[in-house]
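Student: Chains A and B, in that order, are what the protein sequence lines are. In terms of the working numbering, the first sequence opens at residue 1 and continues consecutively. In terms of the working numbering, the second sequence opens at residue 1001 and continues consecutively. For every residue, glycine included, the Cβ atom is placed at its ideal position computed from N, Cα and C.
There are 2 protein chains.
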Amino acid sequence: MSEEIEQAAGGRRARGGGGAARRAERTAVRVEFAKYIERNIPNLEILNEEALQLIEANAETVLEQIGVNFVENPAALERWRAVGADVQGERVRFPRGLARELCKTAPASFVQHARNPDRNVTIGGKNLVLAPVYGPPFVRDLEGGRRYATIADFRNFVKLGQMSKYLHHSGGTVCEPTDVAVNKRHLDMLHAHMTLSDKPYMGSVTERSRCVDSIEMSKILFGEKFVDENTVMTSLVNINSPLTFDPIMMDALEVYAAANQACIVSPFIVGGAMAPVTVAGTLTQVLAEVMVAVAYSQIIRKGAPVIFGAFVTSIDMNSGAPTFGTPEAAQITLGAGQLARRMGLPFRSAGSFCGSKLPDAQAAYETANTLNIGLLSGVNFMLHACGWLEGGLVSSYEKYVMDADQLGVLHRLAAGIDMSANGQAMEALREVGPGGHFLGCSHTQANFKDAFWKTDLFDYKPFETWDEEGARDTATLASVRVKKMLGEYQAPAIDPGINEALSEYVARKKAAVPDAFL
Amino acid sequence: MSEEIEQAAGGRRARGGGGAARRAERTAVRVEFAKYIERNIPNLEILNEEALQLIEANAETVLEQIGVNFVENPAALERWRAVGADVQGERVRFPRGLARELCKTAPASFVQHARNPDRNVTIGGKNLVLAPVYGPPFVRDLEGGRRYATIADFRNFVKLGQMSKYLHHSGGTVCEPTDVAVNKRHLDMLHAHMTLSDKPYMGSVTERSRCVDSIEMSKILFGEKFVDENTVMTSLVNINSPLTFDPIMMDALEVYAAANQACIVSPFIVGGAMAPVTVAGTLTQVLAEVMVAVAYSQIIRKGAPVIFGAFVTSIDMNSGAPTFGTPEAAQITLGAGQLARRMGLPFRSAGSFCGSKLPDAQAAYETANTLNIGLLSGVNFMLHACGWLEGGLVSSYEKYVMDADQLGVLHRLAAGIDMSANGQAMEALREVGPGGHFLGCSHTQANFKDAFWKTDLFDYKPFETWDEEGARDTATLASVRVKKMLGEYQAPAIDPGINEALSEYVARKKAAVPDAFL
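So, in structure tokens, the structure goes:
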């Protein structure tokens, strides 16, 4: 059993915690948290060696003959020219093997530090780190329905993340705080992650100055020297598929890579629209795009941590809507995992994806399909692991806690099968014998507390009890759980000086420029 | 793409179809059906060689030192004595290797014939045959709520099965027709499967005479000689875990094996109650039990078709309720699949399992967890593949069509990745290039119709459209689909003489004895 649940007081061993921090610690609620998943089961290798080599060769052909565009980015074009690429206008073509060779300096795994060192995560290898939904402009809950997200919602989701046992990472844009000016949002978002959670977080990517703010605020939180020497952010750099690298995203990659901060470089694919309609064609394009982005990060700084990302959905050919939890997306995720492992890179994919408007059965089928395949694809960093609704337009309060509960299933499944003498249970079989009952036997008594994964949400009661209690469905039970978690939430302890410095930084930056909503 | 969807008129090539059958054929609705799954992807091998050998050695130790009980079955005890087992009272112990050796004559795969030969299924190897829920005394639908099942419900579920594209098998007790006398139910159930569906079906197992009736009615349907020479039923023989073989179930195994009809021999395990609380301990017991049952079938008739079954749930240690879609059940299913393959036997496990009272998110998470793991466990026969609700107490109309839709995901995922030139899509990548769009390219146009699995149920519409249409959840959409399918149902053609003979057999047997409800 590699699952390690630790009973920990919020903010224990908080970096720089002084007297106030210690006092806060003594009164803090005890919050359970699980260590990131260290897989003790194999991955599902859907492609054979021949298929993998074919896709790799095709990706080299794409890079050699078709190439990619680095848009409005003369500095990047110059960098590519300097390492031997063929640059014509904004088009960059690569001699076979060049991009892959450049990728070799990227680390196979890296530690992302949290302000609470117990929450540090190692991303890569057999590990799986789970982070919440990213990006939705709307939120939905049972009482309030669907509405634009606000900074109050944002803070609620960060609190839910801090309270969620199986979530290892506080994430980034858990929803878009649409009531805050676009040019100041990142400050409030970072401030929330830094103060309301002690789990690792993501930086802003929407403009170069916001990346710089992310680093500056991290230096206040961790200390300047610590940030210079360690990775404290993993940020999301989407690739504008097909084969296009836009200047804003490349800005983010440049700033973060130069600072030795991690990026996920991630083709954003709706199959049939941004990539071919076939699985093998999509994998070829994904591999070509990721190789270029990873290579570029290594040109900026050799050894900068970077993650092979793949955000993949299929498309409903009738309506053009993206679709989730589908078999084609599963195949791409499985194949991309193999390609990432062959490059020796950490892999990001999957999540609690669904197209449904409600946290209903459709949402759950689609999500469970994706979560299970994500685990078996060898994903190392799973963004959107809980809370995703309506194709990513909505952060759902209820679905957040429903999905977060299911993440416990992944932990236990990944732990593998205990083959110790206790696991083999031969003495139980001897004690009980034919026709007996195991409930009372000594082996069961010794093991029952931890024998089975336990839901914190689902209903297992007899029909009559459940009926008397109001015949509640999962969404209704989840709504109750959301309120309970937010009610019990206590902020992890933080050094008051750091807290004040962060607030001061945010206030100063906000005051310096007028609000902009574009 | 190994998925083969055939547009077929109901009852086409119905065995013994005369003029009436041909007339019926011309007016029949065209019903789509998918061939059983032939996997083109690997299984997930969760246990390594050392662990497998350990479990196999432990199972031999269980059989050698603990043994099993054959209850109230002197003939069975005599048979065991005759092949060299150690029989003391009702306890049978086995020299190491005896049971496994006897199992070797069981076939690795077999054909179960349907009255429409297009619906024949081959059970074993890389195949996966999907059959509906089995056994619930209750039904539930959106309007009627939860209520005792009737023969009218039973017939509805058989009709839904016939109309479900991704269901290869009509199943058995799709619900318990509680309005029919217990001693006559099997006649009405078999009659429904034989006349309302042309897919393969299961026989009755609840008493020796009912097994005989199943064979007699099959002889009317297929012809006596055909049934003597072919397998036309696969029936469910549960093992009374731990390590107990009750006389009614052994009666069924004896009757069917002697007639060369297939049985699933299936330990019925609620982990922690009928087996140890650990995964490895449960696998040991399952293997020991299955080896005995398979060996016994081969003592009855060498070469009789038999399936390695494993029905496994975990338990909620607070309430004692069985739980579904859990990681421990997944691990057992994966491990049992490996053990079955090492014995060269077809494997039955998994299904649309859930504990939820409603076809809601809990139901769907639990079901999707189980369906995905079932596919990756190498299951060859999946009973309960759709319609299961509330721990198997309820056959749900809505969940039936929800699950049946998801079975299409399994078909497509199992087909593997197309690595043909068309699959590689290099010309599409060349045509579109950086920054382009694939929707209009010629490769997309040539492939879009079959590129992606399509739901018949889920909602992909824009939020506003969905909202205007009533903001329906999955269960509501499913309710609409149930009515549509039952409305469009037409019975597959059947020879009127056979139809009459079946009705006459049922009427005669019903008249021969008074109703009994015990």
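Thinking C-alpha only, which one of A:Arg79, A:Asp118, A:Asn127 and A:Gln112 is nearest Leu376 of chain A?
Tutor: For the residues A:Arg79, A:Asp118, A:Asn127 and A:Gln112, the minimum Cα distance to Leu376 of chain A belongs to A:Asn127.
Student: Could you check the C-alpha separation between Ala364 of chain A and Glu50 of chain A for me, to the nearest Å?
Tutor: Between Ala364 of chain A and Glu50 of chain A, the C-alpha separation is close to 35 Å.
Student: Report the residues of the region 65 to 81 of chain A with a CB closer than 9 Å to any CB of chain B, ordered along the chain.
Tutor: Listed in sequence order: Gln65, Ile66, Gly67, Val68, Asn69 and Val71.
Student: What first and last residue would you give for the alpha helix (DSSP H) that runs through Gln65 of chain A?
Tutor: Segment: none, Gln65 of chain A is in no alpha helix (DSSP H) and carries neither H nor E.
Student: Take every Cβ of the region 132 to 139 of chain A, pair it with every Cβ of the region 170 to 186 of chain A, and state whether three or more of those distances are shorter than 8 Å.
Tutor: Cβ pair count under 8 Å is three or more, so yes.
Student: Would you mind listing the alpha helix (DSSP H) stretches within the region 197 to 255 of chain A that are 4+ residues and don't spill past its ends, in chain order?
Tutor: Whole alpha helix (DSSP H) segments, 4+ residues: 208 to 222 and 224 to 229.
Student: Does Ile1005 of chain B come out as helix, strand or coil in the three-state DSSP assignment?
Tutor: Caution applies to Ile1005 of chain B, whose pLDDT of 43 falls short of 50 and renders its modelled position unreliable; the model cannot decide the point.
Student: Is the Cβ of Gly1387 of chain B closer than 8 Å to any Cβ of chain A?
Tutor: No, no contact with chain A.
Student: Determine the contact status of Ser1193 of chain B and Val1139 of chain B, defining contact as a CB-CB distance below 8 Å.
Tutor: The sequence shown places His at residue 1193 of chain B, rather than the Ser named in the question. No, the Cβ-Cβ distance between His1193 of chain B and Val1139 of chain B is not below 8 Å.
Student: Give every residue of the same chain whose Cβ lies closer than 6 Å to the Cβ of Gln1362 of chain B, excluding the five residues on either side of it in the sequence, and list them in chain order.
Tutor: Excluding sequence neighbours, Gln1362 of chain B sits near Ser1356.
Student: In chain order, what residues of the same chain lie with their CB nearer than 7 Å to the CB of Gln1088 of chain B, ignoring the 5 residues before and after it?
Tutor: For Gln1088 of chain B, where only same-chain residues beyond five positions count, there are no Cβ hits under 7 Å.
Student: Thr1333 of chain B CB to nearest chain A CB: under 8 Å?
Tutor: No, its Cβ sits nowhere closer than 8 Å to a Cβ of chain A.
Student: Identify the continuous alpha helix (DSSP H) that holds Ala293 of chain A and give its terminal residues.
Tutor: Looking at the DSSP string, the run of the alpha helix (DSSP H) that includes Ala293 of chain A is Val279 to Ile300.
Student: Taking the beta carbon of Ser164 of chain A as the centre, do at least 16 other beta carbons fall within 10 Å, making it buried, or is it exposed?
Tutor: Its Cβ being crowded by 16 or more others within 10 Å, Ser164 of chain A is buried.
Student: Going by DSSP in three states, Pro1117 of chain B sits in which element: helix, strand or coil?
Tutor: Of the three classes helix, strand and coil, the one that applies to Pro1117 of chain B here is helix, per DSSP.
Student: State the Cα-Cα distance for the pair Gly1281 of chain B and Ser1395 of chain B, rounded to the nearest angstrom.
Tutor: Each residue's Cα considered, the two are about 31 Å apart.
Student: With three or more C-beta pairs closer than 8 Å as the rule, is the region 288 to 304 of chain A touching the region 315 to 331 of chain A?
Tutor: With a cut-off of 8 Å, the region 288 to 304 of chain A and the region 315 to 331 of chain A do not count as touching, because too few Cβ pairs lie within range.
Student: Within the continuous alpha helix (DSSP H) that includes Phe154 of chain A, where are the two ends?
Tutor: Per DSSP, Phe154 of chain A belongs to the alpha helix (DSSP H) from Ile151 to Met163.
Student: What residues match up with Phe1070 of chain B in a beta bridge as DSSP calls it?
Tutor: Its beta-bridge partners are B:Phe1245.
Student: Give me the Cα-Cα distance between Val1062 of chain B and Arg430 of chain A, rounded to the nearest whole angstrom.
Tutor: Answer to the nearest angstrom: the Cα atoms are 8 Å apart.
Student: Cβ-heavy atom distance between Asp467 of chain A and the ligand PLP below 7 Å?
Tutor: As for the ligand PLP, it is missing from this structure, which has no ligand bound.
Student: Considering Cα atoms alone, identify which of B:Met1317, B:Glu1254, B:Asp1086 and B:Leu1052 is closest to Val460 of chain A.
Tutor: A small correction: the amino acid at residue 460 of chain A is Tyr; Val does not occupy that position in the sequence shown. Cα-wise, what sits closest to Tyr460 of chain A is B:Met1317.
Student: Do Val1071 of chain B and Asp1246 of chain B have their C-beta atoms closer together than 8 Å?
Tutor: Cβ atoms of Val1071 of chain B and Asp1246 of chain B: closer than 8 Å.
Student: Just checking my contact of Leu102 of chain A with Ile299 of chain A at CB under 8 Å: how many whole Å lie between their CB atoms?
Tutor: The Cβ separation is near 7 Å, so the contact holds.
Student: Once you ignore the five residues that flank Gly337 of chain A on each side, which residues in its own chain have a CB closer than 8 Å to its CB?
Tutor: Asn43, Phe347, Ser349, Ser377, Gly378 and Val379, listed in sequence order.
Student: How far does the beta strand (DSSP E) with Gly423 of chain A in it reach, from first residue to last?
Tutor: Premise fails: Gly423 of chain A lies in the alpha helix (DSSP H), Ala421 to Gln424, not in any beta strand (DSSP E).
Student: Starting from Thr313 of chain A, follow the beta strand (DSSP E) in both directions and report where the run begins and ends.
Tutor: Where Thr313 of chain A is concerned, the enclosing beta strand (DSSP E) stretches over Phe311 to Ile315.
Student: If you draw a straight line from the C-alpha of Asp1450 of chain B to the C-alpha of Asp1473 of chain B, how long is it?
Tutor: C-alpha separation (whole angstroms): 27 Å.
Student: Return no unless some Cβ of chain A is closer than 8 Å to the Cβ of Glu1143 of chain B.
Tutor: No, Glu1143 of chain B lies away from the interface with chain A (no Cβ there is under 8 Å from its Cβ).
Student: Between Lys35 of chain A and chain B, is any beta-carbon pair separated by less than 8 Å?
Tutor: No, Lys35 of chain A does not count as interfacial toward chain B.
Student: When burial is assigned at 16 or more other CB atoms within 10 Å of the CB, is Phe517 of chain A buried or exposed?
Tutor: So Phe517 of chain A ends up on the exposed side.
Student: Using C-beta distances below 8 Å, list every residue in its chain close to Phe1311 of chain B, excluding the 5 sequence neighbours before and after it, in chain order.
Tutor: Around Phe1311 of chain B: Asn1238, Ser1266, Pro1267, Phe1268, Ile1269 and Ser1349.
Student: To the nearest angstrom, report how far apart Asn499 of chain A and Leu187 of chain A are at their CA atoms.
Tutor: So the alpha carbons of these two residues sit roughly 14 Å apart.
Student: How would you write the range of the beta strand (DSSP E) that Tyr1148 of chain B sits in, first residue to last?
Tutor: Residues Gly1145 to Tyr1148.
Student: Exposed or buried, which one is Pro1492 of chain B when buried takes at least 16 other CB atoms within 10 Å?
Tutor: Classification of Pro1492 of chain B: buried, given that the 10 Å Cβ count is 16 or more.
Student: In chain order, what residues of the same chain lie with their CB nearer than 8 Å to the CB of Asp403 of chain A, ignoring the 5 residues before and after it?
Tutor: Ser352, Thr367, Leu371, Ala385, Cys386, Gly387 and Trp388, listed in sequence order.
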